[in-house]
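Novice: Take a look at the following structure, please.
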Amino acid sequence: MSRHPEVPLVPRPDSMTVQPGRFTLDDRTALRAGPGAEDAAALLREALAPATGIRLPPAPDGRIVFLLDPALGDLGAEGYGLTVSTEAVVLRAARPEGLLRGVQTLRQLLPPASLADGPRRGTAWTLPCLRITDRPRFGWRGAMLDVARHHQPAAYVRRFVDLLALHKLNVLHLHLTDDQGWRMPVPAYPRLTEVGGRRAESDGNGLPHEGSYSRAELVALVAYAARRGVAVVPEIEMPGHARAALAAYPHLGNSPGTRLQPWTRWGVCENVFGVHDAVLDFCRTVLDEVTDVFPAPYVHLGGDECPLTEWRASPAAGARAAAEGLPGPAALHGWFMRTVAAHLTSLGRRPLAWSDTGTELPAPFTVLPWRDPEHGRRAALRGHDVIMAPFRSTYLDYPQSADPGEPRGQDGVLDLRAAYDNDPAPAHWEPEAVRHVLGTQAQLWTEYASTPAQLEYLAFPRLCALAETAWSTHRDWPDFLHRLDRHRTRLAALGVRGRTPHTVPAP
Ligand code: ACM
Numbered sequence: 358m359s360r361h362p363e364v365p366l367v368p369r370p371d372s373m374t375v376q377p378g379r380f381t382l383d384d385r386t387a388l389r390a391g392p393g394a395e396d397a398a399a400l401l402r403e404a405l406a407p408a409t410g411i412r413l414p415p416a417p418d419g420r421i422v423f424l425l426d427p428a429l430g431d432l433g434a435e436g437y438g439l440t441v442s443t444e445a446v447v448l449r450a451a452r453p454e455g456l457l458r459g460v461q462t463l464r465q466l467l468p469p470a471s472l473a474d475g476p477r478r479g480t481a482w483t484l485p486c487l488r489i490t491d492r493p494r495f496g497w498r499g500a501m502l503d504v505a506r507h508h509q510p511a512a513y514v515r516r517f518v519d520l521l522a523l524h525k526l527n528v529l530h531l532h533l534t535d536d537q538g539w540r541m542p543v544p545a546y547p548r549l550t551e552v553g554g555r556r557a558e559s560d561g562n563g564l565p566h567e568g569s570y571s572r573a574e575l576v577a578l579v580a581y582a583a584r585r586g587v588a589v590v591p592e593i594e595m596p597g598h599a600r601a602a603l604a605a606y607p608h609l610g611n612s613p614g615t616r617l618q619p620w621t622r623w624g625v626c627e628n629v630f631g632v633h634d635a636v637l638d639f640c641r642t643v644l645d646e647v648t649d650v651f652p653a654p655y656v657h658l659g660g661d662e663c664p665l666t667e668w669r670a671s672p673a674a675g676a677r678a679a680a681e682g683l684p685g686p687a688a689l690h691g692w693f694m695r696t697v698a699a700h701l702t703s704l705g706r707r708p709l710a711w712s713d714t715g716t717e718l719p720a721p722f723t724v725l726p727w728r729d730p731e732h733g734r735r736a737a738l739r740g741h742d743v744i745m746a747p748f749r750s751t752y753l754d755y756p757q758s759a760d761p762g763e764p765r766g767q768d769g770v771l772d773l774r775a776a777y778d779n780d781p782a783p784a785h786w787e788p789e790a791v792r793h794v795l796g797t798q799a800q801l802w803t804e805y806a807s808t809p810a811q812l813e814y815l816a817f818p819r820l821c822a823l824a825e826t827a828w829s830t831h832r833d834w835p836d837f838l839h840r841l842d843r844h845r846t847r848l849a850a851l852g853v854r855g856r857t858p859h860t861v862p863a864p
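Taking the numbering used here, the leading residue of the sequence shown gets 358, the next gets one more, and so forth.
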């Protein structure tokens with residue numbers, strides 16, 4: 358397709374032809390939703406009402422038409438076709454998910470003021486006439502939000518879901534547990550949130566931090582996200598990054614006499630789960646609750662950065678390795694992950710894990726290689742499905758520039774260009790590796806971001822670039838920058854204060 362700078366959609370659609378003229382929405386505009394299209398219609402109504410006051414009542418002769426149409430099956434589950442003329446807006450897709458993506462396109466085609474959360478009367482609510490045929494490059498387009506290092510209220514997580522949906526991202530990966538905090542209640546283990554959900558301070562700042570979700574909040578979040586076509590994928594970290602759980606239940610550790618507190622430092626902690634039966638029982642019970650609350654087909658089991666120090670020193674771990682016929686404590690990691698994954702599989706779910714090397718995880722895992730993209734290729738050639746999460750292009754906890762005013766982050770810089778250059782399945786990879794790439798996701802680790810404003814400053818505009826690499830087959834940096842310039846007006850209408858070359862970082 359040719360570029361259409363006057364219609365700056367992010368992510369860029371697969372193909373678009375712009376025509377003269379505009380369609381105008383007003384109080385009399387009605388919407389006809391065919392069978393199966395009602396949820397998408399409701400989402401558009403809900404999205405437009407606060408700013409525009411337009412209600413889009415249902416009517417058989419409505420000039421906005423939403424239809425499920427099996428003839429568009431070639432576009433896949435999330436593809437859609439959109440035609441806007443001066444007389445009508447027709448959105449069609451083979452599946453409801455495709456209609457939900459089309460709703461986000463409609464939101465972006467309207468004036469940015471339509472995205473505001475309060476009345477913006479006096480604007481002409483018009484859309485350019487055009488024809489779009491669109492479909493995603495990858496089925497997994499996500500963002501991980503680390504609510505373990507810093508808890509965020511459920512209301513904020515819902516806003517974050519809205520921001521993902523606007524960019525046609527379809528997975529919210531919630532990092533619910535880590536050394537510094539456990540945020541999900543498990544009825545059989547109440548101390549996980551009571552004790553594991555609060556820590557004395559963060560990296561020497563002297564300020565206590567605490568928070569956890571109720572089961573009802575998580576259930577409501579899942580439903581809220583599902584209405585927007587976003588799956589919530591929970592992560593429970595094991596066997597490392599588990600110190601908050603060890604603080605709550607010392608018998609899960611390798612030296613039960615030791616009393617630990619949720620960790621107050623950042624980094625890789627040496628305290629890890631033990632490998633005795635009580636730990637396996639614990640993990641199974643936790644996963645029973647997790648799969649009860651979260652219906653997503655995948656559950657993330659962590660798996661990264663598990664120091665062997667404690668297992669090497671533990672007679673019980675040595676005995677476990679011998680009993681399982683393992684060559685030594687190092688092999689306990691794969692054994693642990695395989696054993697817990699078997700329980701998840703028995704519940705009808707699929708295990709995910711971070712991969713430190715691309716080669717350490719057993720067969721059933723879909724892996725997220727986070728160090729080197731080459732690890733992704735290696736894992737894919739071994740037969741794993743992969744979700745690309747390399748830190749150099751997807752870790753949004755790195756500063757966005759070397760400017761001295763940039764907020765503190767991990768050491769290094771990940772600029773907008775680096776995020777845009779993320780290629781989840783590079784052209785030089787073997788077809789059998791490419792076939793295993795499910796997609797990619799951004800990582801919002803929150804050691805250095807405790808407030809929504811700080812999170813959004815880190816996420817934007819880099820998340821826009823990530824969304825484009827996950828959705829679009831087009832690679833055109835100048836075109837992206839041009840569209841982003843206009844897209845910033847939408848973000849501003851939503852109250853997002855991301856980085857621009859001239860902004861002072863949010864407090
Ligand atoms: C990771 O950054 N340890 C997944």
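We treat Cβ as the ideally placed atom computed from N, Cα and C, and that holds for glycine.
Buried or exposed, going by whether 16 or more other CB atoms sit within 10 Å of the CB of N779?
Specialist: So N779 ends up on the buried side.
Novice: On a Cα-Cα basis, can you pick out the residue from G475, R600, H732 that is closest to L851?
Specialist: Nearest C-alpha to L851: G475.
Novice: Helix, strand or coil for M541? Go by DSSP, reduced to three states.
Specialist: DSSP places M541 in coil when its eight states are reduced to three.
Novice: For the ligand ACM, is there any heavy atom lying closer than 7 Å to the beta carbon of D661?
Specialist: It does: the Cβ of D661 is within 7 Å (strictly closer) of some heavy atom of the ligand ACM.
Novice: Could you tell me the boundaries of the beta strand (DSSP E) in which H532 lies?
Specialist: 528–532 is the span of the beta strand (DSSP E), which, as asked, contains H532.
Novice: Return the CA-CA distance between P565 and W620, expressed in angstroms with no decimal places.
Specialist: Whole-angstrom Cα-Cα distance: 12 Å.
Novice: Tell me the residue span of the beta strand (DSSP E) that contains E681.
Specialist: Segment: none, E681 is in no beta strand (DSSP E) and carries neither H nor E.
Novice: Where does F693 fall in DSSP's three states?
Specialist: Helix, per DSSP.
Novice: Please state the DSSP three-state secondary structure of I593.
Specialist: I593 falls in the strand class under three-state DSSP.
Novice: My output table needs one value for S471: the three-state DSSP class, helix, strand or coil.
Specialist: Three-state result, S471: helix.
Novice: Is any heavy atom in the ligand ACM found nearer than 7 Å to the beta carbon of W727?
Specialist: Result yes, Cβ under 7 Å from the ligand ACM.
Novice: If you drop the 5 nearest sequence neighbours on each side, which residues of the same chain put their C-beta closer than 7 Å to that of R616?
Specialist: Cβ neighbours of R616 beyond the five flanking positions: P607.
Novice: Kindly indicate which residue of F837, P726, A408 has the alpha-carbon position closest to the one of H793.
Specialist: The residue with the shortest Cα to Cα distance from H793 is P726.
Novice: Is it buried or exposed for T534, if we count other Cβ within 10 angstroms and need 16 for buried?
Specialist: By the neighbour-count rule (16 or more Cβ atoms within 10 Å), T534 is buried.
Novice: Which residues in the same chain as H524 place their Cβ atom closer than 7 Å to its Cβ, once the five residues preceding and following it in sequence are excluded?
Specialist: The answer, listed in chain order, is V367, P368, L820, C821, A824.
Novice: V587 and L529: beta carbons closer than 8 Å?
Specialist: Yes, the pair counts as a contact, with Cβ atoms nearer than the cut-off.
Novice: Would you check whether the ligand ACM has a heavy atom nearer than 7 Å to the C-beta of F711?
Specialist: With the sequence shown as reference, residue 711 is identified as Trp, and Phe is not the correct amino acid for it. Flag set: Cβ of W711 near the ligand ACM.
Novice: Does the segment 394–414 come close enough to the segment 500–517 that 3 or more CB-CB pairs lie under 8 Å?
Specialist: No: the two stretches stay apart, fewer than three of their Cβ pairs being nearer than 8 Å.
Novice: Run through DSSP, which three-state label would P730 get?
Specialist: Reduced to three states, the DSSP call for P730 is helix.
Novice: Note down, in chain order, each residue of its chain lying with its Cβ closer than 7 Å to the Cβ of P862, except the 5 sequence neighbours on either side.
Specialist: Residue placement at P862 is poorly supported in this model, since its pLDDT is 49, which falls under 50; the coordinates still yield a value, given next. Contacts found: G762, E763, P764, Y814.
Novice: May I ask which residues mark the beginning and end of the beta strand (DSSP E) holding R707?
Specialist: Note, R707: beta strand (DSSP E), 707–712.
Novice: Go ahead and pull the three-state DSSP assignment for W802.
Specialist: Coil.
Novice: Using C-beta distances below 7 Å, list every residue in its chain close to G419, excluding the 5 sequence neighbours before and after it, in chain order.
Specialist: Answer for G419: A387, L388, R389, listed in chain order.
Novice: Straight-line CA distance for V770 to L718?
Specialist: Cα-Cα distance, rounded: 30 Å.
Novice: Identify the continuous alpha helix (DSSP H) that holds W834 and give its terminal residues.
Specialist: First-last of the alpha helix (DSSP H) with W834: 834–850.
Novice: Does the distance from the C-beta atom of L709 to that of L753 stay below 8 Å?
Specialist: In this structure, L753 does not lie closer than 8 Å to L709 by Cβ.
Novice: Report, in whole angstroms, the separation of the C-beta atoms of R735 and T716, which I expect to be a contact under 8 Å.
Specialist: Confirmed, about 6 Å.
Novice: Quick one: is P864 buried, meaning 16 or more other Cβ sit within 10 Å of its Cβ, or exposed?
Specialist: Caution is warranted here: a pLDDT of 46 is assigned to P864, below 50, making its placement in the model unreliable, and the coordinate value is therefore given only provisionally. Answer is exposed; the Cβ neighbour count stays below 16.
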